[in-house]
Amino acid sequence: MNQKENSWNMHAQWWQNNFTNGKNKEYSEQLLPLIVELMDGCEKIIDIGAGEGQILRALNPSRSYSIGIDISERQVLRGKKLAPSTLLMRAAAEELPFNDSSFDGAIACLVFEHVELEMSIREAARVLKKSGKFVIAINHPMILSTGSMWVEDWVSDPPEKYWKMGAYLREEISEENFGDGVSIPFTHRPLNRYVNILSECGFSITRMIEPEPYSSVDKDSPWRDEMSHIPRLLLLVCEYTSGRA
-5 MNQKENSWNM HAQWWQNNFT NGKNKEYSEQ LLPLIVELMD GCEKIIDIGA
45 GEGQILRALN PSRSYSIGID ISERQVLRGK KLAPSTLLMR AAAEELPFND
95 SSFDGAIACL VFEHVELEMS IREAARVLKK SGKFVIAINH PMILSTGSMW
145 VEDWVSDPPE KYWKMGAYLR EEISEENFGD GVSIPFTHRP LNRYVNILSE
195 CGFSITRMIE PEPYSSVDKD SPWRDEMSHI PRLLLLVCEY TSGRA
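Residues -5 to 239 in our numbering are what the sequence shown spells out, letter by letter.
Structure (structure tokens):
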């Protein structure tokens, strides 16, 4: 077991306790329905970094064939226990165990910050058919660069609230901390890295989505308006234009 796999296995229980079956509202009520909607029309889908298969369970099985891969054996076993009919297998994003041109749709949801980017995108391109759709969701690289944070300055007159942006152009590896002793390696990359590698691998970006942040805070909260204009997520909808017919 390599270090990356061990890290995800070590914290698998935490992910299951905090993300499985609707426990994280931003994921289940905003991101998940959006991804399912964007994959409409795809008949054979691969979910890269599927975890315990929450996206796979949300995809309508009567409309598509879908399979997921994840580096964590514990996540895969948990997914199979939750839904025995779900197709999940242990594999790495950098080395997909499928033939060329196997799928017409691919998903990578909150995965690319944790893997080797170019190898993973090249593998996605390899297993997609020409004109295949690739939906990518990442933490917004411009807003969530290392050192970025929400600031409330009560010394200024009048007091100011704003988002402090970190070193956006600096590509660096850090630890993403979730509390409870849970942390995983996280690579911040500027947006141009994603765009350029996608282009080099034969993808065209057809749509970019910056969802308004999900919030369960009361609409009358005095700071809700400011926060609602700072997106946490970025989705890229891509078409594989340089593939095999």
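Cβ atoms here follow ideal geometry from the backbone N, Cα and C, with glycine treated the same way.
Find the nearest neighbour of residue i within the set the options, judged by alpha-carbon distance.
{"i": "H108", "options": "M202, E146, Y21 and H182", "result": "H182"}
{"i": "T80", "options": "I40, Y156, A102 and R116", "result": "I40"}
{"i": "S1", "options": "E169, S236, F128 and N11", "result": "E169"}
{"i": "Y156", "options": "L122, H223, E165 and C103", "result": "H223"}
{"i": "E117", "options": "C195, R68, I49 and N18", "result": "C195"}
{"i": "A161", "options": "T140, P153, D174 and I167", "result": "T140"}
{"i": "Q10", "options": "I29, I167 and R68", "result": "R68"}
{"i": "P27", "options": "A77, Q48 and V149", "result": "Q48"}
{"i": "S125", "options": "S96, S150, P153 and P152", "result": "S96"}
{"i": "L163", "options": "I29, Y188 and A77", "result": "Y188"}
Leaving out the 5 sequence neighbours to the left and right, which residues in its chain are closer than 7 Å to residue i when beta-carbon positions are compared?
{"i": "E20", "result": "Y208"}
{"i": "M113", "result": "E88"}
{"i": "E37", "result": "S58, Y59 and D98"}
{"i": "A86", "result": "I65"}
{"i": "W148", "result": "none"}
{"i": "E110", "result": "E88"}
Provide the residue(s) that pair with residue i in DSSP beta bridges, ordered along the chain.
{"i": "M83", "result": "I63"}
{"i": "K158", "result": "M143"}
{"i": "Y208", "result": "Beta-bridge pairing links Y208 to no other residue."}
{"i": "H182", "result": "E166"}
{"i": "I132", "result": "L228"}
{"i": "G99", "result": "I39 and K127"}
{"i": "E198", "result": "Strictly speaking, residue 198 in this sequence is Ser, with Glu absent from that position. Partner(s): E233."}
{"i": "E89", "result": "A86"}
{"i": "L26", "result": "L26 pairs with nothing; no bridge assigned."}
{"i": "L122", "result": "F97"}
Excluding the 5 residues preceding and the 5 following residue i in the sequence, name in chain order all residues of the same chain whose CB lies nearer than 6 Å to its CB.
{"i": "M4", "result": "none"}
{"i": "Q7", "result": "none"}
{"i": "I178", "result": "S1 and E170"}
{"i": "V70", "result": "D64, L82 and R84"}
Going by beta-carbon coordinates alone, are residue i and residue j separated by less than 7 Å?
{"i": "D98", "j": "R120", "result": "no"}
{"i": "I191", "j": "L230", "result": "no"}
{"i": "P225", "j": "H134", "result": "yes"}
{"i": "I63", "j": "M83", "result": "yes"}
{"i": "I132", "j": "F106", "result": "yes"}
{"i": "L185", "j": "P205", "result": "no"}
{"i": "Y234", "j": "L104", "result": "no"}
{"i": "F180", "j": "C232", "result": "no"}
In its own chain, which residues sit with a C-beta less than 8 Å from the C-beta of residue i, not counting the 5 before and 5 after it?
{"i": "M33", "result": "I39, L53, S58, G99, I101, K127 and V129"}
> Would you say the stretch 135 to 145 touches the stretch 36 to 53, given that touching needs at least three Cβ pairs under 8 Å?
Replying inline: no
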